[in-house]
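These protein sequence lines are chains B and F, in that order.
Anchor point for the first sequence: position 176 equals 176 in this note's numbering, and the numbering is continuous, going up by one each time.
Anchor point for the second sequence: position 56 equals 1056 in this note's numbering, and the numbering is continuous, going up by one each time.
Every residue gets a Cβ at the ideal spot worked out from N, C-alpha and C, and that includes glycine.
Predicted, not measured: the structure shown is a model, and the values here were computed from it.
Below is one structure, written out as structure tokens, with a few remarks after it.
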Amino acid sequence: MGESIKSLHSRHSELANGYFQLKVLSNNSLSNHHEVNFTEKLRESKLFPLKPTQLEIFQINVGKMCNQVCKHCHVDAGPDRKEIMTKETMLLCLDAIKKSGAHTVDLTGGAPEMNPHFRWFIQEISKLSINKIIVRCNLTIILANKKYHDLPDFFKAHTIEVVSSLPYFTAGRTDAQRGDGVFEKSIKALQMLNEVGYGIKDSGLIINLVYNPSGAFLPPAQHALELDFKTKLKANYNIDFNSLFAITNLPISRFLDYLLESKNYESYMEKLSNAYNPVAAANVMCRNTISIGWDGAIYDCDFNQMLDLKVASSTNHISQFHIEELQNRNIVVNQHCFGCTAGAGSSCGGTIS
Amino acid sequence: MNTYYNPEDLKKFGNIAEFEKNLANKFFNYYGEVFKEGALTAREKSLIALAVAHAVQCPYCIDAYTVDALEKGCDEAQMMEAVHVTAAIRGGASLVHSVQMMNKAKEITM
Ligand code: SF4
Ligand code: SF4
Chain B
1 MGESIKSLHS RHSELANGYF QLKVLSNNSL SNHHEVNFTE KLRESKLFPL
51 KPTQLEIFQI NVGKMCNQVC KHCHVDAGPD RKEIMTKETM LLCLDAIKKS
101 GAHTVDLTGG APEMNPHFRW FIQEISKLSI NKIIVRCNLT IILANKKYHD
151 LPDFFKAHTI EVVSSLPYFT AGRTDAQRGD GVFEKSIKAL QMLNEVGYGI
201 KDSGLIINLV YNPSGAFLPP AQHALELDFK TKLKANYNID FNSLFAITNL
251 PISRFLDYLL ESKNYESYME KLSNAYNPVA AANVMCRNTI SIGWDGAIYD
301 CDFNQMLDLK VASSTNHISQ FHIEELQNRN IVVNQHCFGC TAGAGSSCGG
351 TIS
Chain F
1001 MNTYYNPEDL KKFGNIAEFE KNLANKFFNY YGEVFKEGAL TAREKSLIAL
1051 AVAHAVQCPY CIDAYTVDAL EKGCDEAQMM EAVHVTAAIR GGASLVHSVQ
1101 MMNKAKEITM
């Protein structure tokens, strides 16, 4: 149960390094009896090299700082992480968003709200011709400090679509993954969001929840689980929300550490590769998304960002953003990508097939 | 290690077709149909399977349906309650037979 954990970074773990993680992923003993290579799978599905489709989502990771230290965090976020996006980089992002043609801006972290320029940034993005702004809010941040208590009103004022993790509708499961007391605070935060209209029918204010497994297993069917969540959260806490996204844990960063420590790594990789679904592979999110790191580097997705796999393009920093060149790139894939293509597939917006 | 039960053998379940293909195919088709979402949800069926696995005390089934129940969105409390249903029915089945014992005892005692 939710014993306090530290970031890999603060533990000086080798796994804090993207290159080391890739070494683990490519050097697995799984290959002894079960050679499965993601690139080969894509080739069989006639998807290699993986190319971008139309760019739709401009995702920005505004920093690794977070008030939580979840066990599975692929960002290795925590209060000790000081890497956050500067206002100068945000200005470059604003310029790039205009050039990108994306209809959605998706802000993530860490806890994006902890970036001191967060509200200013949202105000500036709101002035652009963008259909949707998503903020990945961890819920507890709303209660973490008085200065965040008005976040629901701020989100509402800018019609932000809020996406929040809640691994289960009970405290045990949630706290085991996200830390002691997180469930109770998350429930309180959801009630505060409901109070200003989030998740309430016809309010136009969207709050979507994210489920991800608390362990080395795959997520359930999204629609069935959504029904369970809706029934339980309404009955027990009078909470309303819009949709549930079921997301698979990718074998990187702290989840990779968990897999190795718990000796589940090989069976998990085998499970992921056995569940490879070509339909999901054709719809992986890196095809219509671009991901910007706290320092302005450009990546195919937030996962590649954490592995330090920059886009394979001459323009790999926001200061050189060039949409045509980026659209011509080959997406960088590796063994961790099996997490996106298993079963019904997985993306920041839930299942993809 | 030499044991009657080997976790690796669970993955070989499909190999039973090697000795008798026709019946194995029929069984696996039937099996697949049974576990499809129907009047009962896939999650409910998984919990029933987990409970039955404990009744028949099959280590393969317990292994498989523990994972399956988690992957159908059950949590530990639901899974343990399902096993208590097994225990209650098994215990009850023994105990309810004591009525027979009582009947017989009463029949032949003063
Ligand atoms: S709240 Fe999100 S960013 Fe923060 S530690 Fe948890 S998973 Fe990572
Ligand atoms: S991990 Fe990233 S690059 Fe790999 S398939 Fe998923 S979204 Fe694409």
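Item                                                                                                                                                                   : Value
Pick out the complete alpha helix (DSSP H) segments inside the segment 85-121 of chain B, 4 residues or longer, and give them in chain order.                          : 87-100
According to DSSP, Q59/B sits in a beta bridge with which residue or residues?                                                                                         : D106/B, S291/B
Taking the alpha carbon of I354/B as the point to measure from, which residue in I252/B, K41/B, H103/B has its own alpha carbon closest?                               : Outside the shown range of chain B (1 to 353) lies residue 354/B, about which nothing can therefore be said.
Counting only runs that start and end within the segment 194-239 of chain B, where is the alpha helix (DSSP H) found for 4 or more residues in a row?                  : 222-237
So A157/B contacts chain F; which residues on that side make the cut at Cβ distance below 9 angstroms?                                                                 : Within 9 angstroms Cβ-Cβ: nothing; A157/B doesn't reach chain F, min ~35 angstroms.
Is L225/B close to chain F, meaning its C-beta is less than 7 angstroms from at least one C-beta of that chain?                                                        : yes
Measuring CA to CA, which of T170/B, N288/B, A235/B is closest to Y211/B?                                                                                              : T170/B
Going by alpha carbons, who is nearest to F355/B out of L128/B, V69/B, K232/B?                                                                                         : Absent from the structure is residue 355/B, since the part of chain B shown begins at 1 and ends at 353.
Closer than 8 angstroms is the cut-off here; do at least three beta carbon pairs connect the segment 272-283 of chain B with the segment 333-348 of chain B?           : yes
Taking 6 angstroms as the cut-off, is the beta-carbon of N304/B closer than that to any non-hydrogen atom of ligand 2?                                                 : yes
Between the segment 168-191 of chain B and chain F, which residues of the former have CB atoms less than 9 angstroms from a CB of the latter, in chain order?          : Y168, F169, T170, G172, R173
Skipping 5 residues on each side, what residues in its chain have a beta carbon closer than 6 angstroms to that of Y168/B?                                             : T174
Please confirm if V1083/F has its CB atom under 7 angstroms from at least one CB of chain B.                                                                           : no
Could you spell out the range, first to last residue, of the beta strand (DSSP E) harbouring S165/B?                                                                   : 161-165
Tell me where the alpha helix (DSSP H) around G254/B begins and ends.                                                                                                  : In the sequence as presented, Gly is not what sits at residue 254/B; that position holds Arg. It spans 253-261 - the alpha helix (DSSP H) in which R254/B sits, taken as one unbroken run.
Please classify S291/B as buried or exposed, where buried requires at least 16 other C-beta atoms within 10 Å of its C-beta.                                           : buried
For F338/B, name the three-state secondary structure that DSSP assigns.                                                                                                : helix
Alpha carbon to alpha carbon, how far is Q177/B from S214/B? Give it in angstroms, no decimals.                                                                        : 6 angstroms
May I ask which residues mark the beginning and end of the alpha helix (DSSP H) holding L22/B?                                                                         : 18-26
With burial defined as no fewer than 16 other Cβ atoms inside 10 Å of the residue's Cβ, what is the status of Y1065/F: buried or exposed?                              : buried
Nearer than 6 angstroms: is that true of the beta carbon of A77/B relative to any heavy atom of ligand 1?                                                              : yes
Quick one: what does DSSP say S319/B is sitting in, helix, strand or coil?                                                                                             : helix
Comparing the C-beta of L218/B with each C-beta of chain F, is any distance below 7 angstroms?                                                                         : yes
Give the interface partners of A1042/F over in chain B, defined as CB-CB distance under 9 angstroms, in chain order.                                                   : P220, A221, A224
Classify E1037/F: buried if its beta carbon has 16 or more other beta carbons within 10 angstroms, exposed otherwise.                                                  : exposed
DSSP beta-bridge partners for Y276/B?                                                                                                                                  : A342/B
For A297/B, report the span of its beta strand (DSSP E) as first-last.                                                                                                 : Unbroken run through A297/B: none, as it is neither H nor E.
Taking the beta carbon of D202/B as the centre, do at least 16 other beta carbons fall within 10 Å, making it buried, or is it exposed?                                : exposed
Nearest-angstrom Cα distance between I141/B and S186/B?                                                                                                                : 9 angstroms
Going by beta carbon distance, what residues of the same chain come within less than 7 angstroms of R1117/F, once the five residues before and after it are set aside? : Residue numbering for chain F in the displayed model covers 1001 to 1110; residue 1117/F lies beyond these limits and cannot be assessed.
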